[in-house]
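S.K.: Take a look at the following structure, please.
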Amino acid sequence: MHYFEETEVRARLRVPDLIAAMRQVMIEFSGGKWQQPLRGVLAQYDGFFGVMPASGESMGIKMVTYYPGNAGSALPTHMAVVALFDPRTGEPLALMDGRYITEMRTAAVSAVATDALAARDAKVLTLIGAGIQARAHLEILPYVRKFEEVRIWNRTWERAERFAQEHGIKAMPLEAAVRDADVVVTATSSQQPILKGEWLREGAHVNAVGAARPGWRELDDAVMANVVVVDSYRGARSESGDVILSGIAPYAELGEILNGSKPARANETTVFKSLGMAVEDVAAAKLVYEAGK
Numbered sequence: 202m203h204y205f206e207e208t209e210v211r212a213r214l215r216v217p218d219l220i221a222a223m224r225q226v227m228i229e230f231s232g233g234k235w236q237q238p239l240r241g242v243l244a245q246y247d248g249f250f251g252v253m254p255a256s257g258e259s260m261g262i263k264m265v266t267y268y269p270g271n272a273g274s275a276l277p278t279h280m281a282v283v284a285l286f287d288p289r290t291g292e293p294l295a296l297m298d299g300r301y302i303t304e305m306r307t308a309a310v311s312a313v314a315t316d317a318l319a320a321r322d323a324k325v326l327t328l329i330g331a332g333i334q335a336r337a338h339l340e341i342l343p344y345v346r347k348f349e350e351v352r353i354w355n356r357t358w359e360r361a362e363r364f365a366q367e368h369g370i371k372a373m374p375l376e377a378a379v380r381d382a383d384v385v386v387t388a389t390s391s392q393q394p395i396l397k398g399e400w401l402r403e404g405a406h407v408n409a410v411g412a413a414r415p416g417w418r419e420l421d422d423a424v425m426a427n428v429v430v431v432d433s434y435r436g437a438r439s440e441s442g443d444v445i446l447s448g449i450a451p452y453a454e455l456g457e458i459l460n461g462s463k464p465a466r467a468n469e470t471t472v473f474k475s476l477g478m479a480v481e482d483v484a485a486a487k488l489v490y491e492a493g494k
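202 is the number of the first residue of the sequence shown in this note's numbering; add one for each residue after it.
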């Protein structure tokens, strides 16, 4: 059984293929074609250890750690390993580094949501947070929309300025960065709401990828009062502080929008609350395994 180091995973994971795979797996998930229990999470010291199995067209498990205290150190905040199996025989097929898979599949699912929910002529992108997910979204979202302006804000202003200089975009104060933006990405480790609904222009789209614990939030109640789409109803109601604490009922799963069972309502202000799912990791791992065959 081969182990794929991160360098091999990077070489094999192509963004257009990954976006297509994420679109397909979201449709399959909402169509009941995958088995996926809730993520098991153990608190360890100042971090979390998650176990995420899934079985459908592929079968596998991701073991992932999240240690927010690693930010700014030599270690990433998220680290992971994905094991891939043959769902028909149970044969172990491959083991691979899952850090890059986690990074890229998250942004690829946001791209699928953006393509389905954001205005076709979206021109302004705002990134809230200047970490790994900001970089991934900056790389992947232009595959589905042609942005003419990209803005960034980070709680540590120096990091926002450095990110902006590295990528040729604009560092701006938070409210100013959000006002009149067409697409907003919240990718922070915040445990309290940082995005206010009053700042969003009508018809904007939000991809919210942080706050993945029941007591954490990135979005205030006014943001959550819009059309909220989730990756999984069950996951959102169990794990998303933004959903649980606001008391809202999600409008749809992303897969239901993609398969046409619920209309996109893309002319309204929309929020995609992404928690990340094992089905995404397993589908991405299959892409890595099969690349070059």
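Beta carbons are placed, not taken as given, at the ideal position from N, Cα and C, and that holds for glycine.
1) Going by DSSP, what residue range makes up the beta strand (DSSP E) through residue 285?
2) Residue range of the alpha helix (DSSP H) that residue 436 falls in?
3) Alpha carbon to alpha carbon, how far is residue 349 from residue 400? Give it in angstroms, no decimals.
4) Do residue 424 and residue 167 count as a contact pair if the criterion is CB distance below 8 Å?
5) Which partner residues of residue 254 appear in the DSSP bridge assignment?
6) At which residue ranges does the region 276 to 343 contain complete alpha helix (DSSP H) runs of 4 or more residues, listed in the order of the chain?
7) Where does residue 350 sit, in a helix, a strand or coil, going by DSSP?
8) Between the C-alpha atoms of residue 480 and residue 353, what's the straight-line distance to the nearest angstrom?
9) Using DSSP's beta-bridge definition, name the partner residues of residue 473.
10) Quick check on residue 357: buried or exposed, where buried means 16 or more other Cβ atoms within 10 Å of its Cβ?
11) In this structure, what does DSSP give as the bridge partners for residue 453?
12) Please tell me whether residue 351 and residue 386 are closer than 8 Å, where the distance is taken between their beta carbons.
13) By the DSSP assignment, the beta strand (DSSP E) with residue 496 in it spans what residues?
14) Determine, using beta carbons only, whether residue 474 and residue 444 come nearer to each other than 8 Å.
15) Alpha carbon to alpha carbon, how far is residue 203 from residue 492? Give it in angstroms, no decimals.
16) What would DSSP say about residue 366, mapped onto helix, strand or coil?
17) Where residue 269 and residue 418 are concerned, what is the direct C-alpha to C-alpha distance, given to the nearest angstrom?
18) Whose C-alpha, out of 315, 246, 437 and 222, is nearest the C-alpha of residue 266?
19) If you draw a straight line from the alpha carbon of residue 452 to that of residue 440, how long is it in whole angstroms?
20) In or out: residue 233 buried (at least 16 other Cβ within 10 Å) or exposed?
21) Kindly indicate which three-state DSSP category residue 214 falls into: helix, strand or coil?
22) Let's see if you can read the secondary structure: which residues bound the beta strand (DSSP E) around residue 244?
23) Is DSSP giving residue 398 helix, strand or coil here?
24) Under the assumption that residue 257 contacts residue 225 (Cβ atoms under 8 Å), give the Cβ distance between them as a whole number of angstroms.
25) Looking at residue 471: is its Cβ nearer than 8 Å to the Cβ of residue 430?
M.R.: From the atom records:
1) 279 to 286
2) 434 to 440
3) 20 Å
4) Outside the displayed span of the chain (202 to 494) sits residue 167, for which this structure offers no information.
5) 262
6) 300 to 318 and 333 to 341
7) strand
8) 30 Å
9) 408 and 430
10) exposed
11) 430
12) no
13) A question about residue 496 goes unanswered here, because the residues of the chain that appear run from 202 up to 494.
14) yes
15) 13 Å
16) helix
17) 15 Å
18) 246
19) 17 Å
20) exposed
21) coil
22) 241 to 245
23) helix
24) Not a contact, Cβ separation roughly 11 Å.
25) yes
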